[in-house]
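Colleague:
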Amino acid sequence: MLKNLVQSNVKIVFSVLGILFVLVSWLVFELLKGLLPDLITVIHKWMFQPIEWLFILAPPHEENKLASLGSVLGLSILYSAILAGMVFIVLFICDKIRGNKIEFEMEVKYCEKELANAIYSLDGSGQSTAIINANAITFMKAFEMEVKTIYGLKPDELCCYWIVPTNNDKQFEVFYLTELKDFDTVRTLLLSSMLQEDCRIADKQVKGRIQNTDIEQFAIVKNFGKFRLGFAVAVYKNDTFTPENMQEFERLTTYMLLLGFVTKFVNKVKTLKRAS
Numbered sequence: 002m003l004k005n006l007v008q009s010n011v012k013i014v015f016s017v018l019g020i021l022f023v024l025v026s027w028l029v030f031e032l033l034k035g036l037l038p039d040l041i042t043v044i045h046k047w048m049f050q051p052i053e054w055l056f057i058l059a060p061p062h063e064e065n066k067l068a069s070l071g072s073v074l075g076l077s078i079l080y081s082a083i084l085a086g087m088v089f090i091v092l093f094i095c096d097k098i099r100g101n102k103i104e105f106e107m108e109v110k111y112c113e114k115e116l117a118n119a120i121y122s123l124d125g126s127g128q129s130t131a132i133i134n135a136n137a138i139t140f141m142k143a144f145e146m147e148v149k150t151i152y153g154l155k156p157d158e159l160c161c162y163w164i165v166p167t168n169n170d171k172q173f174e175v176f177y178l179t180e181l182k183d184f185d186t187v188r189t190l191l192l193s194s195m196l197q198e199d200c201r202i203a204d205k206q207v208k209g210r211i212q213n214t215d216i217e218q219f220a221i222v223k224n225f226g227k228f229r230l231g232f233a234v235a236v237y238k239n240d241t242f243t244p245e246n247m248q249e250f251e252r253l254t255t256y257m258l259l260l261g262f263v264t265k266f267v268n269k270v271k272t273l274k275r276a277s
């Protein structure tokens with residue numbers, strides 16, 4: 002779809018430039034018939050200055066109106082091609098940005114769809130426990146996959162954790178879908194995060210503060226008010242967090258701030274396999 006859009010834009014640009022070139026050339030010729038020979042000579046020298054290395058289009062040493070006219074036309078075509086190339090690059094970049102935005106929004110909508118399915122299953126749908134569990138895990142996997150995409154990381158470069166409170170408000174349990182790595186450090190980071198009131202916390206210098214760990218950066222988002230649900234990521238690649246991807250992560254996790262108030266979902270996470 003994006004490729005076809007770019008090709009269509011290129012055709013339109015070249016068509017418009019071609020028509021404009023013909024119209025301008027005809028108007029100039031009609032208006033300046035008498036002065037055209039001398040004008041071409043002046044224009045030729047002016048147009049040639051930026052590309053003096055292209056000797057074939059240089060002004061003739063002896064006065065030759067026909068040669069100058071041919072060179073001016075050649076230079077006009079060259080400059081038109083350069084302008085078209087610049088326009089193409091701008092359009093391509095704009096389409097790429099627009100395409101990435103559309104792709105991101107589609108993936109977010111997919112996560113929201115899976116979340117809706119999970120909540121529907123939990124909300125008295127009459128479905129079996131196995132289906133309810135499957136729908137909850139499907140949403141969580143889709144959510145984690147989108148987080149990996151946002152940060153551009155491989156599966157072994159990031160671990161995701163879902164955190165829920167125990168009956169003791171000062172303790173918490175952790176659920177994970179992928180292989181557990183360096184959970185002692187993760188638990189330390191989680192304990193520190195739980196003591197802070199901020200609902201979003203990002204630590205870009207984990208390895209610089211904690212010894213004997215491979216975790217480079219850490220981020221967590223949790224609901225407002227009394228803790229009910231949190232989502233954390235431990236990153237094993239340095240300098241992963243950027244203002245751009247952190248903004249996308251913030252957009253993706255916006256509804257996480259309220260998901261903790263969906264008691265049935267939180268209780269379902271508690272029934273799934275927990276970290277020891």
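So for the sequence shown, our numbering puts the first residue at 2; every next one is plus one.
Quick reminder that beta carbons are idealized off the backbone N, C-alpha and C, glycines included.
Can you tell which of K114, N134 and V234 has the C-alpha that lies nearest to the C-alpha of L123?
Modeller: Position 122 of the sequence shown, counted from the first residue, corresponds to residue 123. It is N134.
Colleague: Assign D204 to buried or exposed, taking buried as 16 or more other Cβ atoms, counted over all protein chains shown, within 10 Å of its Cβ.
Modeller: Translated into positions along the sequence shown, residue 204 becomes position 203. Burial call: buried.
Colleague: How would you write the range of the alpha helix (DSSP H) that D204 sits in, first residue to last?
Modeller: Along the sequence shown, one-based indexing puts residue 204 at 203. No alpha helix (DSSP H) contains D204, which is instead part of the beta strand (DSSP E) from R201 to D204.
Colleague: Ignore the nearest five residues each way along the sequence and tell me which others in K271's own chain have a CB closer than 7 Å to its CB.
Modeller: Translated into positions along the sequence shown, residue 271 becomes position 270. For K271, where only same-chain residues beyond five positions count, the Cβ hits under 7 Å are V165 and E174.
Colleague: Helix, strand or coil for Q172? Go by DSSP, reduced to three states.
Modeller: Along the sequence shown, read from residue 1 onward, the residue named residue 172 stands at position 171. The answer is coil: DSSP assigns Q172 none of H, G, I, E or B.
Colleague: Give a yes or no on whether the C-beta atoms belonging to V263 and V148 are separated by under 8 Å.
Modeller: The residue given as residue 263 occupies position 262 in the sequence shown. The residue given as residue 148 occupies position 147 in the sequence shown. Against a cut-off of 8 Å, the Cβ pair of V148 and V263 comes out as no contact.
Colleague: For W54, count neighbouring Cβ atoms within 10 angstroms of its own Cβ and tell me buried if that reaches 16, exposed if not.
Modeller: Within the sequence shown, residue 54 is the residue found at index 53, counting from 1. At W54, the pLDDT of 48 sits below 50, so the modelled position is not reliable; the number obtained from the coordinates is stated separately. Result: exposed.
Colleague: Got a sec? Which residues, its chain only, sit under 8 Å from A137 by beta carbon, not counting five neighbours each side?
Modeller: For the purposes of this step, residue 137 is taken as residue 136 along the sequence shown, with counting starting at 1. Same-chain partners within the cutoff: A119, S122, L123, F266, K269, V270 and L273.
Colleague: What do you reckon, are the CB atoms on V236 and L159 nearer than 8 Å?
Modeller: Walking along the sequence shown from the start, residue 236 turns up at place 235. Walking along the sequence shown from the start, residue 159 turns up at place 158. Against a cut-off of 8 Å, the Cβ pair of L159 and V236 comes out as a contact.
Colleague: On the three-state DSSP scale, how would you describe F219?
Modeller: Against the sequence shown, residue 219 aligns to sequence position 218. In the structure shown, F219 sits in a strand (DSSP, three-state: E or B).
Colleague: Please classify R229 as buried or exposed, where buried requires at least 16 neighbouring CB atoms within 10 angstroms.
Modeller: Stepping through the sequence shown from its first residue, residue 229 is reached at position 228. R229 comes out buried.
Colleague: What are the boundary residues of the beta strand (DSSP E) that includes Y162?
Modeller: Numbered from its first residue, the sequence shown carries residue 162 at position 161. Its beta strand (DSSP E) spans residues L159 to P166.
Colleague: Measure the alpha-carbon distance for R188 versus K182 and round it to whole angstroms.
Modeller: Working through the sequence shown from its first residue, we reach residue 188 at position 187. Working through the sequence shown from its first residue, we reach residue 182 at position 181. Those two C-alpha atoms are separated by around 11 Å.
Colleague: On a Cα-Cα basis, can you pick out the residue from K227, I20 and K238 that is closest to P156?
Modeller: As a working note, residue 156 is residue 155 in the sequence shown. It is K238.
Colleague: Inspect the beta-carbon positions of M247 and V222 and report whether they are closer than 8 Å.
Modeller: Position 246 of the sequence shown, counted from the first residue, corresponds to residue 247. Position 221 of the sequence shown, counted from the first residue, corresponds to residue 222. Against a cut-off of 8 Å, the Cβ pair of V222 and M247 comes out as no contact.
Colleague: In the DSSP assignment, what residue or residues form a beta bridge with V236?
Modeller: In the sequence shown, counting from the first residue as 1, residue 236 sits at position 235. Paired residues: L159 and Q218.
Colleague: Alpha carbon to alpha carbon, what distance is there between I216 and A85?
Modeller: For this step, residue 85 is matched to residue 84 along the sequence shown. For this step, residue 216 is matched to residue 215 along the sequence shown. Taking the straight line joining both Cα atoms gives about 48 Å.
Colleague: Which of the three DSSP states, helix, strand or coil, is assigned to G19?
Modeller: Position 18 of the sequence shown holds residue 19. In this structure, G19 counts as helix in the three-state DSSP scheme.
Colleague: Check the DSSP bridge columns for G231 and list the partner residues they point to.
Modeller: On the sequence shown, position 230 is the one that residue 231 refers to. I164 and K223, per the DSSP bridge assignment.
Colleague: Within 10 Å of its beta-carbon, does Q218 have 16 or more other beta-carbons around it, so buried, or fewer, so exposed?
Modeller: Taking the first residue of the sequence shown as 1, we reach residue 218 at position 217. Buried: at least 16 other Cβ atoms inside 10 Å.
Colleague: Between the alpha carbons of I211 and T186, how many angstroms are there, rounded?
Modeller: In the sequence shown, residue 211 corresponds to position 210, counting from 1. In the sequence shown, residue 186 corresponds to position 185, counting from 1. Those two C-alpha atoms are separated by around 8 Å.
Colleague: Report the rounded CA-to-CA distance for G153 versus F184, giving the unit in angstroms.
Modeller: As a position in the sequence shown, residue 153 is number 152, starting the count at 1. As a position in the sequence shown, residue 184 is number 183, starting the count at 1. Each residue's alpha carbon lies about 23 Å from the other.
Colleague: G261: buried (16+ other C-beta within 10 angstroms of its C-beta) or exposed?
Modeller: Here the question's residue 261 lines up with position 260 in the sequence shown. Classification for G261: buried.
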